[in-house]
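Quick note, in numbering that gives the first Met the number 0, the sequence shown goes up one by one and the last residue is 554.
What follows is a single structure, written as structure tokens, with notes after it.
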Amino acid sequence: MPRRDTSDQEVRLLQGHNRSSTDSDSSTSSSDDTTCEPGPSLTARPNVVGARGTADHPSDASDLDTKRHDPKNTKIHSDSEWLELDSMNPNDLRRPNYHRHGDGKSGTPLLYKEDDPERGRAGYSPPNDGSKGSRESSEDDLPYHPRESMGRPSLSRRSTMRSRSPQTAAAAAEDSTKKRYTYAGFFLIISLIAFCVQTELSAYIQHDLGWDKAYCMMYFTHGSWIVLWPVQLLILRFQKRDVPWPVFWKRHKQQLRTTAIMIEKQTLDVFHISIQHRARPVRYFVRFTAIITCSLTVAGLSWYIAVSLTTPSDLTAIYNCSAFFAYVFSVPLLREPLRLDKSVAVLIAIGGVLVVAYGDTKEGGESVEAGNRFLGNLVIGVGSVLYGLYEVLYKRYACPPEGCSPGRGMIFANTFGSLIGLFTLTVLWLPLPILDWLNIEKFEIPAASTCWLILLAVLSNATFSGSFLVLISLTSPVLSSVAALLTIFIVAIVDWMITGEPLSFAAIVGGAMIIVAFLGLTWSTYREMKEHAAREPVPDFSDSDKDGDIDSDED
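And the structure:
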């Protein structure tokens, strides 16, 4: 399309001006709100993409509106103001350039990536002194806080997931794995010591003191788990003693609730509003606490029943096969793949148990009848299967999903242990009067000195059980089961130190096999966790090892 001559445009503009001047002289009462006349005090402002024009001063905008709506504003400007068009260069009659900030990133490629570990995180810069432009200062003057002081909202509709670069995600995954194994090693040592103390005290109470009450002892030991959460709360309170109690208690309850929702929905993004509405953590844990506790109770009770029916060798060997059954149940319930190194490690561990149990068996040393021995082996076999199932059920239905921080997992493990103790004390007391009425197990209050030893044994069992639950939560049921087999060798060493009877050749060989299997399984599990983190980096949901990781709840 051909362009018009610029000289014709100037003539038409001047002619239009003369006509408008004549019309204004003839009728001064008419006004036009849409007339745009350049005022002498106004200056042109460059166009800004995405924003409206702003005046130099707030009063300028109001003056402009007043002039437009004032009916007396009919003054005719002089011809010199309009004849400035004659001096304009036709080549300059174009739209002014866009105003861009000097620090803009319009030329940055879309796939450009900085090596910033904080990329994508929800944080804001501190307010500046307002020395920048009006548009920039209006954004920076908002009451935002530095990134370090921003925490996770208590019930935010926005997802707390943060994107990370692959290098940062891999480093964070490896650091989390190392932290998990550090905590797991600490609780493994505690569990081994506590189990040795419990074993020696239980044997002394039942055999030497004569207080042989199988179900009552199991009721006391499992009921003692209720102290796990109060003791944990005291430790956490001591660590956060500078925090006011209402704030500390609110954070702790919020953390337990969000962890329960994580377990129920098997997701880390528990702050989504739809998940908050659909979650029923109380009903969920009432159901699975009953299921898991019943499985544990039957497994533990089978051991006490089989003691008088079968030989100690059969009892030890069959009951500790729970590591194998834990591995079997982990495949369908935990979606754990079958690995050759893990399978070999589990078989070596069970072989070590068999060597310890049957390596030093002497002919004529077993006085149990064949029928009772078969029945006892059958009972303890059921207990071994149920104990392996208990470990896997706990991992599947009572532990946070992968990606949760080790601190959160440890806190909830002890909390769930207290739920097991609460269910035991409130429900599983019912068989006690039935057993007493049937003369199967008469309920008798022991002597005062025996009561103190029973209390010590019960607390040792609570310590072992809490540490064992944490160990399963941080690692896997298979690794925890094989780690529990170490107690066979350690108890043999303790017996040697107490009685002075040296270890047999079978105990040494079997213990060495268990240790080798445990080390191999530990390395296999560690490598598997690293491979899983490298293949599928777990998103970071601002999870923390601290008790009150929801820092926004400061009110």
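C-beta: ideal position from N, C-alpha, C; glycine also.
- [ ] Using a threshold of 8 angstroms, state whether the C-beta atoms of Gly351 and Ile513 are closer than that.
- [x] Residue numbering aside, residue 351 sits at position 352 when the sequence shown is read from its first letter. Residue numbering aside, residue 513 sits at position 514 when the sequence shown is read from its first letter. With respect to Ile513, Gly351 sits close: the two C-beta atoms are nearer than 8 angstroms.
Task: Straight-line gap, Ser417 to Ala447 (C-alpha atoms, nearest Å) - done: Here residue 417 refers to the residue found at position 418 of the sequence shown. Here residue 447 refers to the residue found at position 448 of the sequence shown. The C-alpha of Ser417 lies about 27 angstroms from the C-alpha of Ala447.
Task: Between the CA atoms of Phe247 and Pro432 - distance to the nearest angstrom - done: On the sequence shown, residue 432 is found 433 positions in, with the first residue counted as 1. On the sequence shown, residue 247 is found 248 positions in, with the first residue counted as 1. Going from the Cα of Pro432 to the Cα of Phe247 covers about 42 angstroms.
TODO: Give every residue of the same chain whose Cβ lies closer than 7 angstroms to the Cβ of Tyr318, excluding the five residues on either side of it in the sequence, and list them in chain order.
DONE: For the purposes of this step, residue 318 is taken as residue 319 along the sequence shown, with counting starting at 1. Within its own chain, the residues whose Cβ lies closer than 7 angstroms to the Cβ of Tyr318, once the five positions on either side in sequence are excluded, are Trp302, Ile379, Gly382, Ser383, listed in chain order.
- [ ] For Leu255, collect the residues of the same chain with a Cβ closer than 8 angstroms to its Cβ; drop the 5 residues on either side in sequence, then sort them by chain order.
- [x] Within the sequence shown, the letter at position 256 stands for residue 255. Residues of the same chain with a CB within less than 8 angstroms of the CB of Leu255, apart from the 5 flanking positions on each side, are Ile410, Phe411, Thr414 in chain order.
Open item on the list: Do Ala461 and Val226 have their beta-carbon atoms positioned less than 8 angstroms apart in this structure?
Closed with: Here residue 226 is taken as the residue at index 227 of the sequence shown, counted from 1. Here residue 461 is taken as the residue at index 462 of the sequence shown, counted from 1. Val226 is a Cβ neighbour of Ala461, given a cutoff of 8 angstroms.
Task: Host alpha helix (DSSP H) of Glu263 (start-end) - done: Locating residue 263 in the sequence shown gives position 264, counting from the first residue. Here the alpha helix (DSSP H) through Glu263 covers 244-264.
Open item on the list: Check for me: the alpha helix (DSSP H) holding Lys341 runs from which residue to which?
Closed with: Counting from one through the sequence shown, the residue named residue 341 turns up at place 342. Unbroken alpha helix (DSSP H) run through Lys341: 339-357.
Task: Distance CB(Ala278)-CB(Ile260) smaller than 8 angstroms - done: Within the sequence shown, residue 278 is the residue found at index 279, counting from 1. Within the sequence shown, residue 260 is the residue found at index 261, counting from 1. Closer than 8 angstroms, so yes.
Task: Environment of Met496 [buried if 16+ CB atoms lie within 10 Å] - done: Reading the sequence shown from its first residue, position 497 is the one you call residue 496. When all chains shown are included, Met496 counts as exposed.
Open item on the list: Going by DSSP, what residue range makes up the alpha helix (DSSP H) through Gly465?
Closed with: Counted from its first residue, the sequence shown places residue 465 at position 466. Unbroken alpha helix (DSSP H) run through Gly465: 447-473.
Open item on the list: Could you check whether Ser480 and Gly387 sit closer than 8 angstroms to each other, using their CB atoms as the reference points?
Closed with: Numbered from 1 along the sequence shown, position 388 holds the residue referred to as residue 387. Numbered from 1 along the sequence shown, position 481 holds the residue referred to as residue 480. The answer is yes: Cβ separation under 8 angstroms.
Open item on the list: Can you list, in chain order, the residues of its chain with a C-beta nearer than 6 angstroms to that of Phe194? Leave out the 5 residues immediately preceding and following it.
Closed with: Walking along the sequence shown from the start, residue 194 turns up at place 195. Taken in chain order, the residues that qualify are Phe463, Thr486.
Open item on the list: Determine whether the beta carbon atoms of Glu263 and Lys529 lie at a separation below 8 angstroms.
Closed with: Locating residue 263 in the sequence shown gives position 264, where the first residue counts as 1. Locating residue 529 in the sequence shown gives position 530, where the first residue counts as 1. No.
Task: Alpha carbon of Val285 to alpha carbon of Ala344, nearest angstrom - done: By one-based count along the sequence shown, residue 285 stands at place 286. By one-based count along the sequence shown, residue 344 stands at place 345. So the two alpha carbons sit approximately 36 angstroms from each other.
Task: Rounded straight-line distance, which links the Cα of His221 to that of Thr474 - done: Here the question's residue 474 lines up with position 475 in the sequence shown. Here the question's residue 221 lines up with position 222 in the sequence shown. Computed Cα separation, rounded: 23 angstroms.
Task: Where Leu333 sits in the DSSP three-state scheme - done: Start at 1 with the first residue of the sequence shown, and residue 333 comes out as number 334. Residue state, collapsed to three classes: coil.
Task: Segment limits, alpha helix (DSSP H) that includes Leu418 - done: Position 419 of the sequence shown, counted from the first residue, corresponds to residue 418. Element bounds for Leu418: 405-426.
TODO: Please report how far the alpha carbon of Ile188 lies from the alpha carbon of Asn438, in whole angstroms.
DONE: If you number the sequence shown from 1, residue 188 lands on position 189. If you number the sequence shown from 1, residue 438 lands on position 439. Cα to Cα, Ile188 sits roughly 41 angstroms from Asn438.
Open item on the list: Rounding to the nearest angstrom, what Cα-Cα distance links Trp522 and Leu434 in this structure?
Closed with: In the sequence shown, counting from the first residue as 1, residue 522 sits at position 523. In the sequence shown, counting from the first residue as 1, residue 434 sits at position 435. Spanning the two alpha carbons is a distance of roughly 47 angstroms.
Task: C-beta atoms of Pro399 and Arg407 nearer than 8 angstroms - done: Walking along the sequence shown from the start, residue 399 turns up at place 400. Walking along the sequence shown from the start, residue 407 turns up at place 408. Going by beta carbons, Pro399 and Arg407 fall inside the 8 angstroms limit.
Task: Ala325 and Val515 closer than 8 angstroms at C-beta - done: Within the sequence shown, the letter at position 326 stands for residue 325. Within the sequence shown, the letter at position 516 stands for residue 515. Not a contact, by the Cβ cut-off of 8 angstroms.
TODO: Assign Phe442 to one of two classes, buried (16 or more other C-beta atoms within 10 Å of its C-beta) or exposed (fewer than that).
DONE: By one-based count along the sequence shown, residue 442 stands at place 443. With fewer than 16 other CB atoms across the displayed protein chains lying within 10 angstroms of its CB, Phe442 is exposed.
TODO: Below 6 angstroms CB to CB, which residues in the same chain sit around Leu374 once its five sequence neighbours on both sides are set aside?
DONE: One-based indexing of the sequence shown puts residue 374 at position 375. Correct list, in chain order: Leu308.
Task: Cβ-Cβ separation, Met217 to Leu300 (assumed contact under 8 angstroms), whole Å - done: As a first step, residue 300 is located in the sequence shown; it is residue number 301 there, counting from the start. As a first step, residue 217 is located in the sequence shown; it is residue number 218 there, counting from the start. That belief holds up - the Cβ atoms of Leu300 and Met217 are roughly 6 angstroms apart, short of 8 angstroms.
Task: Buried or exposed by the 16-neighbour rule on C-beta atoms within 10 Å, applied to Ser58 - done: For the purposes of this step, residue 58 is taken as residue 59 along the sequence shown, with counting starting at 1. Confidence in Ser58 is poor, its pLDDT being 47 and thus under 50, which makes the residue's placement unreliable; the coordinate value appears in the next sentence. Label assigned to Ser58: exposed.
Open item on the list: Please classify Leu233 as buried or exposed, where buried requires at least 16 other C-beta atoms within 10 Å of its C-beta.
Closed with: Position 234 of the sequence shown, counted from the start, is the residue given in the question as residue 233. The residue is exposed, with fewer than 16 neighbouring Cβ atoms inside 10 Å.
TODO: Spatial neighbours of Thr176 within its chain, please: CB distance less than 8 angstroms, with the 5 preceding and 5 following residues excluded, ordered by chain position.
DONE: Numbered from its first residue, the sequence shown carries residue 176 at position 177. So the qualifying residues of the chain are Tyr525, Met528, Lys529, Ala532.
Task: First and last residue of the uninterrupted alpha helix (DSSP H) at Asp435 - done: The count along the sequence shown starts at 1 and reaches residue 435 at position 436. 430-436 is the span of the alpha helix (DSSP H), which, as asked, contains Asp435.
- [ ] With DSSP collapsed to three states, give me the class of Ala325.
- [x] For the purposes of this step, residue 325 is identified with residue 326 of the sequence shown, where counting begins at 1. Ala325: helix per DSSP, three-state reduction.
Task: Inter-residue spacing [alpha-carbon to alpha-carbon] between Gly184 and Phe488 - done: For the purposes of this step, residue 184 is taken as residue 185 along the sequence shown, with counting starting at 1. For the purposes of this step, residue 488 is taken as residue 489 along the sequence shown, with counting starting at 1. Straight through space, the alpha carbons of Phe488 and Gly184 are spaced by roughly 18 angstroms.
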